[in-house]
């Protein structure tokens, strides 16, 4: 068995907590979580990838769990989020890594691939749109604004974090349970999330990602094509993001392919963990 190790790595002027698994002398797979998760959300994929002989790094991104939490909203601008990951890759000692991201982790992955394609060998995106595709889709399909209305709510200062933390994080846990397939998140899982959310100032700094980047999510001016080979894996019953976004995002990939996974939601890597892990492994091994 490959045990999970925990390290703290300096990058872009901050310190990230990074869960690590697998042999240290092999290809590195870097997994980026989204909101409101932390490294723990990738634990099943970490184990499967490590068993296949890959080294896996899964950071708590800035503002999350045990990683540093800069105080200012501007510290969560997309440029800073991208530089965190580019710096982490350089710190790994590898010339290139395989990058995968879900939700916000996927959005950061898109931007890393756009700005630093030389650092990425292959990329896998789970239910996270290319921001230019998101902007175009919102203009043509206002219904997406309703699905993403929580982004507007998160622009309020202080109110969202007070609401979600009430009654031992009752609103936050209910959101996870209500937007996923029945039985996806166990009582132990929810307790792990509560512990992560309860880190000092964590929920504020997590929500600051939306405050710093909310406008750009709906009004992205970039149309840069992605040259990194890309595989989009999309849960079809995502109540936050329409599946049309997966197809539109592929239009920005010079070497891209995608797959829809049935009977899954936004939380597909939890709901069908083994299937998602196998899809990832098969793509990594493709010539």
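Residue numbers (this note's numbering): 11 to 297.
Each residue gets a CB set at the ideal place from its N, CA and C atoms; glycine is no exception.
In the structure shown, residue 64 falls within a coil segment according to DSSP collapsed to helix, strand and coil. As the crow flies, the alpha-carbon of residue 267 is around 9 Å from that of residue 257. The C-beta of residue 181 has fewer than 16 other C-beta atoms within 10 Å across all chains shown, which makes the residue exposed. When DSSP states are grouped into helix, strand and coil, residue 171 belongs to the helix group. Taking a contact to require three or more Cβ pairs closer than 8 Å, the region 166–180 and the region 283–290 do not qualify as touching. Residue 23 sits exposed, since fewer than 16 C-beta atoms from the chains shown fall within 10 Å of its C-beta.
Residue 113 and residue 45 have their C-alpha atoms spaced approximately 7 Å apart.
Comparing alpha carbon positions, the residue from 209, 20, 89 and 147 closest to residue 47 is 209. The beta carbons of residue 106 and residue 89 sit no closer together than 8 Å.
With fewer than 16 other Cβ atoms inside 10 Å of its own Cβ, residue 273 counts as exposed. Closest option to residue 221, judged by alpha-carbon separation, among 171, 135 and 142: 171. With contacts defined as CB atoms closer than 8 Å, residue 137 and residue 116 qualify as a contacting pair. In this model, residue 29 and residue 36 are separated by some 16 Å (Cα to Cα).
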